């Protein structure tokens, strides 16, 4: 995957300066990692870096499956992260999010300031969760044996209220 930064949003491009949709990152992007996530509060620096690299590779593999060449722009995005835990989770769910977001930097977005919404949820054994809609990748993650981290990045901001 070759990544090129784009200075302005596709919908803000000046006439004759439009960005070809063929090169813009195709949201939503979904992937899963069958591994226990690491906390950014962990003292094990090597494990944290390895986890970020694992997230980066999974995101890159997902993108590469769709596009050979991708332009990263500054569209606002939302990130959903579900952790299917093999047992009761001892750490805090919010401490897992940062390393995942950092791992996707310069693969999914150039600056994490474009992230407007983060949804993080842990799903422990015995907990039944109903989803309003389920994608193939989310179903695959739910059916896989834990531990599994499911990640979805989307530029659909329909949750915003119109001004």
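Residue numbers (our numbering): 674 to 836.
Glycine included, C-beta positions come from ideal geometry on N, C-alpha and C.
Remember, it's a predicted structure, so these values are computed and weren't measured experimentally.
- Message: What does the alpha-carbon distance come out to for the pair residue 752 and residue 698?
- Response: 15 Å
- Message: Measuring only the C-alpha atoms, how far is residue 725 from residue 834?
- Response: 33 Å
- Spatial distance of residue 824 from residue 718 (CA atoms): 23 Å
- Query: Any chance the CB of residue 726 is under 6 Å from a heavy atom of the ligand PLP?
  - Reply: Only the bare structure without any ligand can be found here, which leaves the ligand PLP out of the picture.
- To which residues of the same chain is residue 818 closer than 7 Å at the C-beta, ignoring the five residues directly before and after it? none
- Message: Judging by CA-CA distance, which residue of 757, 810 and 803 is the nearest neighbour of residue 797?
- Response: 757
- Count the other C-beta atoms from every protein chain shown that fall within 10 angstroms of the C-beta of residue 774, then say buried if there are 16 or more, exposed otherwise. buried
- Message: Relative to the C-alpha of residue 694, which candidate in 729, 737 and 742 has its C-alpha closest?
- Response: Of the listed residues, the one whose Cα sits closest to residue 694 is 742.
- Item | residue 738 to residue 827 span [Cα, whole Å] | Between the C-alpha atoms of residue 738 and residue 827 there is a straight-line separation of about 17 Å.
- Take the Cβ of residue 804 as the centre, count every other Cβ of all protein chains shown within 10 Å, and call the residue buried at 16 or more, exposed below. exposed
- Task: Return the residue from the list 810, 734 and 748 that minimises the CA-CA distance to residue 788.
- Result: 748
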